[in-house]
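The numbering used here puts the first residue of the first sequence at 19, with every later residue one more than the last.
Think of the CB as a built atom: it goes at the ideal place given N, C-alpha and C, for glycine as much as any other residue.
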Amino acid sequence: MFELAKAISLQKYQMIVKHTLDIMLQFFNPRLIMIDLKYIQNNFEEASIKLSKKGVGQDVLNELNDLFQLLKAANSKYESMKAEQNKLSKLFGEYKQKGLDTNELKDGIDKLKVQLPSLLEEARIADEKLQNLALVIPNFPDNEVPEGKDEDDNIELKKVLEPRVFDFQPKEHWDLGEKNGWIDFERGVKLAKSRFSVLKGTGAKLERALINFFLDTNAKAGFEEFNVPVINNANMLLGTGQLPKFEDDLFKIDGEELYLIPTAEVALTNLYNDEIIDASSLPLLLTAYTPCFRKEAGSAGRDTRGMIRQHQFDKVEMVAISHPDKSDEIFDMMVQNASDLLTALELPHRLVMLCGGDLGFGASKTVDIEVWLPGQGKYREISSISNTRDFQARRAKIRYKEDGKNLFVHTLNGSALAVGRTLIAIMENHQQEDGTIEIPDVLKKYL
RNA sequence: CGGGAGAUGGUAGAGCGGUUGAAUACACCGGUCUUGAAAACCGGCGAAGGUAACACUUCCGGGGGUUCGAAUCCCCCUCUCCCGGCCA
C-alpha cells in the first residue's frame with residue numbers, strides 16, 4: 019500500500035496539500051469531510067498518543083484544535099448576524115404587504131450587510147484551513163496495533179503451511195517465467211515502459227484462472243461480485259483517502275479530474291459514496307476483479323527485476339460496508355478468507371500484524387498476508403486486509419440509518435488476492451527441478 | 001463531436017420572487033382495528049452544522065450575480081436524457 023510519510027511537520031503538510039486541493043475545490047464543493055474533530059477535542063491526550071504511533075506530532079493536533087475553535091467562533095458570529103438580517107427581511111415583506119413605511123428597516127439591513135461579507139470570509143478561511151489540515155491527518159490506529167517504525171517492527175501472528183524443502187536450488191520467478199514462455203518482460207517494456215510486462219500462453223491462462231477461482235471462492239464466502247469503472251473521479255479518491263495526500267502515486271487522466279484506480283477498494287467502497295444505507299441491509303460484502311494502476315513513485319530501485327512491483331497489476335478485492343459493532347468480526351472473516359485461498363493453492367504463508375509506522379494512511383488496523391517465495395527465500399506481501407473504521411465513511415459520507423439516526427458505517431478492504439503475485443508464488447513454490455511447474459489441483463478445472 | 005430538453009427530499013413529481021425546507025403520491029416507520037396478516041383510518045417521516053435542550057445557520061446539481069428577500073430571475077460550469085454523426 020502507500021508509504022506513510024515519516025516525521026511529518028506542519029509545513030510539510032501544508033505544502034503537500036495546497037496544490038491538489040486548490041485544483042480539486044474548483045470541481046468539487048468542500049463538504050465537511052474529515053476526521054472526528056470532536057473526539058480529538060474531547061480526548062486530546064488519547065488522540066495524540068494514538069496519532070503519534072503514526073508519526074503525527076502534537077504540534078499538528080494543537081494546530082488542528084485551534085483551527086477548529088476558530089471556525090466555531092467565526093461561524094457563530096456570522097450566523098447570529100445572518101439570523102438578524104433574515105428576520106428583518108421577513109419583516110420587510112410583511113410591511114410592504116401592509117403598505118407600511120420600510121425605510122427604517124432598510125437602513126437596519128444595510129448596516130448589517132456591510133459587516134456580513136467579512137464575517138463570512140473569516141469563517142470560510144477558517145474552514146478551508148481546517149480542512150486542508152484535517153484531510154491529511156491519518157486514521158487513528160487501534161489500541162492493539164503495536165508501536166513501531168517500519169516493517170521490522172511488525173508482529174507475526176501465525177504461519178500456515180510449511181515451506182517445501184527443495185533438493186535443488188529453486189529458481190526465481192523471472193527465470194521460470196521466461197523458461198516456460200509465460201512472461202515476456204521485454205515486450206511489456208516496449209509497449210509501455212519499465213515495470214510493465216506481458217503474460218502469454220499458460221501464463222495468461224493461469225492469470226485468468228486465478229481471477230475466476232478467487233471470485234468464485236469469495237462468492238461462496240458471501241461477497242457479491244461487481245464489475246466497476248477503473249477510472250474514478252477525484253472525489254472518490256478523496257473519499258477513500260488516496261487524495262489529496264498521495265496524488266503522486268496515481269496515474270491521472272490528462273486534462274480531466276479522473277484517475278486510474280490503484281485498487282478496486284476505491285470503486286467498491288465509493289459505490290455507496292454519499293448514501294444512507296438502511297441498517298437492516300448491513301453488512302454489504304462486495305468483491306471485484308480489476309486491474310490496478312500505481313506509479314510506485316517512492317519505490318525507485320525496489321523490485322525492479324521481475325513481476326513483483328508493476329505499474330499495472332490484476333487484483334481481486336474484497337470490500338465490506340459494516341455496522342460498527344460488526345467490523346471486527348468481519349475483519350477476521352476477511353483475513354481467514356484470504357488465507358484460505360492461499361491454503362487451497364498449497365502456498366505457505368504467514369499473517370502479520372502491521373505496526374503503527376507501517377500502517378496505511380486510512381487504516382486503523384491491518385493484517386498483511388505474506389506468501390513464501392523460495393526463489394527469494396523470503397515472505398512477500400500478497401494481501402493486505404484493513405479496517406478503516408469510520409475514516410473512509412466520514413470522507414465518503416457513507417452512513418447507515420438506525421432508529422432514525424444517521425451514523426457512519428465502518429469500511430473494510432482486503433485483497434483476495436493480488437493475482438500477479440499469486441502467479442509468481444505458484445511458479446516458485448510448485449517448480450520442478452526441470453523448470454516445469456505443477457498446477458495446484460483447485461486450478462485445474464479453470465484451465 | 002453537433003442539435004434539443006432537463007437537474008427539487010428514498011422514488012415519482014408540484015412549486016417559477018416573500019411566512020415554502022419545500023404541495024401531492026408512492027415507499028418507509030409508529031398506532032388503532034385483526035387470532036395473525038392485508039385493507040382502512042390516525043400520526044410521523046430529507047440532510048449538515050449548532051445547543052444541555054431550544055433557538056439559530058446552511059443545503060432544491062456546483063460556482064458567481066441581481067434583490068430588503070431566490071428553489072424561483074441572470075451568467076458560467078458539471079452531469080443526465082432524447083435526436084444526429086463516430087465507434088467497441
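Looking at residue i: is its Cβ nearer than 7 Å to the Cβ of residue j?
i	j	result
Ala381	Ser404	yes
Met52	Ala152	yes
Thr258	Gln410	yes
Lys197	Gly453	yes
Gly375	Asp168	yes
Pro159	Lys71	yes
Asp292	Lys415	yes
Lys176	Leu369	yes
Pro164	Ile173	yes
Leu391	Glu446	yes
Ala297	Tyr397	no
Arg327	Pro280	no
Met336	Gly438	no
Phe232	Ala434	yes
Leu255	Tyr277	yes
Glu451	Phe214	no
Leu134	Leu89	no
Thr470	Thr429	The structure shown does not extend to residue 470, since the chain spans only 19 to 465, so no value can be given for it.
Ser8	Gln59	Since the first and last residues shown for the chain are 19 and 465, residue 8 lies out of range.
If distances are taken between C-alpha atoms only, which option among the options comes closest to residue i?
i	options	result
Ala285	Glu180, Ala338, Gly319	Ala338
Val334	Leu425, Glu242, Asn251	Glu242
Leu18	Lys100, Leu363, Asp54, Ala239	Residue 18 lies beyond the stretch modelled for the chain, which goes from 19 to 465, so this question has no answer here.
His341	Thr281, Leu369, Leu425	Leu425
Asp343	Leu300, Gly166, Met371, Ala315	Leu300
Glu122	Gln449, Leu369, Phe110, Ile58	Phe110
Asn250	Phe232, Glu274, Asp185	Glu274
His191	Gln354, Asn245, Gln103, Leu441	Leu441
Ile400	Pro247, His367, Gln87	His367
Asn245	Glu112, Glu283, Tyr113	Glu283
Glu456	Leu194, Ile67, Phe62	Leu194
Asn236	Gln354, Gly395, Asp54, Ile444	Gln354
Leu372	Glu162, Asp119, Asn104	Glu162
Gly319	Leu255, Met351, Ser212	Ser212
Met325	Ile67, Gly221, Ile127, Leu88	Gly221
Ile201	Ala210, Gly219, Lys189, Pro188	Gly219
Asp234	Ala362, Ser98, Thr287	Ala362
Gly126	Gln149, Met99, Thr287	Met99
Leu85	Lys56, Val427, Asp128	Lys56
Pro458	Leu365, His428, Thr322	Leu365
Met352	Lys131, Glu112, Lys383	Lys383
Leu461	Lys114, Ala101, Leu224	Leu224
Gln103	Val132, Asp170, Arg205	Val132
Leu106	Asn150, Leu130, Ala92, Asn93	Leu130
Asn157	Arg142, Lys68, Glu97, Gln87	Lys68
Val427	Lys463, Arg323, Ile294	Ile294
Arg142	Glu112, Lys95, Lys108	Lys95
What residue does the alpha helix (DSSP H) around residue i start on, and which one ends it?
i	result
Val437	437 to 447
Val353	345 to 362
Leu85	76 to 116
Val460	459 to 462
Leu372	No alpha helix (DSSP H) holds Leu372; DSSP gives it neither H nor E.
Gln450	Premise fails: Gln450 is in no alpha helix (DSSP H) and is neither H nor E.
Phe158	Counting along the chain, Phe158 falls outside any alpha helix (DSSP H), and DSSP gives it neither H nor E.
Glu63	62 to 71
- How about the stretch 346 to 364 and the stretch 129 to 149: do they share at least three Cβ pairs that are nearer than 8 Å? The stretch 346 to 364, when compared against the stretch 129 to 149, does not touch it at the 8 Å Cβ threshold.
- Task: Could you tell me which uninterrupted alpha helix (DSSP H) segments, each at least 4 residues in length, are contained entirely in the stretch 374 to 432, listed from first to last along the chain?
- Result: 409 to 414, all fully within the stretch 374 to 432.
- Three or more C-beta pairs closer than 8 Å, one from the stretch 260 to 279 and one from the stretch 381 to 395: is that the case here? Pairwise C-beta distances place the stretch 260 to 279 out of contact with the stretch 381 to 395, as fewer than three of them are shorter than 8 Å.
- Task: Output the residue ranges of the alpha helix (DSSP H) runs that lie fully inside the stretch 201 to 278 and measure 4 residues or longer, sorted by chain position.
- Result: If only complete runs of 4 or more residues are kept, the stretch 201 to 278 shows the alpha helix (DSSP H) at 203 to 209, 220 to 238, 252 to 258, in order along the chain.
- Message: Under 8 Å: do the stretch 357 to 377 and the stretch 410 to 423 share three or more Cβ pairs, one atom per stretch?
- Response: Judged by Cβ distances under 8 Å, the stretch 357 to 377 makes no contact with the stretch 410 to 423, as fewer than three pairs qualify.
- contact_flag[the stretch 210 to 230, the stretch 317 to 337] where n(CB pairs < 8 Å) is 3 or more: Because the criterion of three Cβ pairs below 8 Å is met, the stretch 210 to 230 and the stretch 317 to 337 touch.
- Item | Runs of alpha helix (DSSP H) wholly within the stretch 165 to 207 (minimum 4 residues, chain order) | Along the length of the stretch 165 to 207, whole alpha helix (DSSP H) runs at least 4 residues long occupy 191 to 197, reported in chain order.
- Between the stretch 168 to 186 and the stretch 65 to 80, do three or more beta carbon pairs fall short of 8 Å? Too few Cβ pairs lie closer than 8 Å, so no.
- Can you give, in chain order, each stretch of the beta strand (DSSP E) that sits fully within the stretch 125 to 153 and has at least 3 residues? Counting only runs of 3 or more, we get nothing.
- Message: As an exercise, report each continuous beta strand (DSSP E) stretch of at least 3 residues that is fully enclosed by the stretch 271 to 341, in chain order.
- Response: For secondary structure counted as the beta strand (DSSP E) over 3 or more consecutive residues, the stretch 271 to 341 holds these complete runs in sequence order: 276 to 278, 294 to 296, 302 to 311, 330 to 340.
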